[in-house]
Amino acid sequence: MRVQIKDLMDKLGVGYVLSRYETCPWSAYDPEKGITAMAEVRMNNEGDEVEAEIQFLYDNPEDGKPPVEQMVFIYAKPVVSGQWSPTIFQIRRKDETIELYGWEEKCCNFFRACIQDIKMDIVPDIDEIAERELGGDERFRDARRGGGSKAPKIKPQALLGMKNGRGF
Numbered sequence: 003m004r005v006q007i008k009d010l011m012d013k014l015g016v017g018y019v020l021s022r023y024e025t026c027p028w029s030a031y032d033p034e035k036g037i038t039a040m041a042e043v044r045m046n047n048e049g050d051e052v053e054a055e056i057q058f059l060y061d062n063p064e065d066g067k068p069p070v071e072q073m074v075f076i077y078a079k080p081v082v083s084g085q086w087s088p089t090i091f092q093i094r095r096k097d098e099t100i101e102l103y104g105w106e107e108k109c110c111n112f113f114r115a116c117i118q119d120i121k122m123d124i125v126p127d128i129d130e131i132a133e134r135e136l137g138g139d140e141r142f143r144d145a146r147r148g149g150g151s152k153a154p155k156i157k158p159q160a161l162l163g164m165k166n167g168r169g170f
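This is the structure:
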């Protein structure tokens, strides 16, 4: 995916082009769960990097769990003559670019879906949105949504002209 900066901002849910040092923040709080979801899209000081991030802040974190958890991280930069593209996509610090087909477009859709929940003052269910937006069953496959196996299944009997195992 290579798009103009305005289109990238639209895909991330911002709606306008950020200037240098500018940030577009959102937040939602769930008092029952004690979780604050904070999201932002930010431009760096040179105007050549965009980061989109969602963090969860826990009022009472479980034992051994940090009070702040980075849920989503997207990094985008210009790649060719003013065209921008995401280069990093992580969910819970796990790289999603390796296994996910068409991840550049899908990561923007995923982030925007999370932002829609946050704008409605709902802490997003990251797993449910990931399943819906990232196509949980759609990892690298062929164009017809088939499995695309490297090793075809060959039946030796068919190659030797044998039927029902009786030989020649």
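The C-terminal residue of the sequence shown carries number 170 in this note's numbering, and the numbering is unbroken.
Even glycine gets a Cβ: it sits at the ideal position worked out from N, Cα and C.
Owing to the predicted nature of the structure, the values given are computational and were not obtained by experimental measurement.
Kindly indicate the opening and closing residues of the alpha helix (DSSP H) around residue i.
i	result
Arg44	Not the alpha helix (DSSP H): Arg44 falls in the beta strand (DSSP E), residues 37-45.
Ile124	No alpha helix (DSSP H) contains Ile124, which DSSP labels as neither H nor E.
Asp32	It is not in any alpha helix (DSSP H) - Asp32 instead sits in the beta strand (DSSP E) that spans 25-32.
Identify the continuous beta strand (DSSP E) that holds residue i and give its terminal residues.
i	result
Leu59	52-60
Met11	Segment 7-13 is the alpha helix (DSSP H) holding Met11; no beta strand (DSSP E) there.
Between the beta-carbon of residue i and the beta-carbon of residue j, is there less than 9 Å?
i	j	result
Ile56	Cys116	yes
Asp123	Ile131	no
Arg44	Met73	no
Cys110	Glu98	no
Tyr103	Ile90	no
Met3	Glu106	yes
Asn47	Tyr23	yes
Phe113	Ala41	yes
Give a single yes or no on whether residue i has its beta carbon closer than 8 Å to a heavy atom of the ligand FMN.
i	result
Ala54	For the ligand FMN, the structure offers nothing, since it holds no ligand at all.
Within 10 Å of its beta-carbon, does residue i have 16 or more other beta-carbons around it, so buried, or fewer, so exposed?
i	result
Lys13	buried
Val16	buried
Pro126	buried
Lys8	exposed
Pro88	buried
Met11	buried
In terms of DSSP beta bridges, what is residue i paired with?
i	result
Gln92	Phe75, Asp97
Ser87	Lys79
Val19	None; Val19 has no bridge partner.
message: Below 8 Å, how does it come out for the stretch 61-70 and the stretch 41-53: are there three or more Cβ pairs, yes or no?
response: no
- prompt: Taking three-plus beta-carbon pairs below 8 Å as touching, is the stretch 71-88 in contact with the stretch 19-34?
  reply: no
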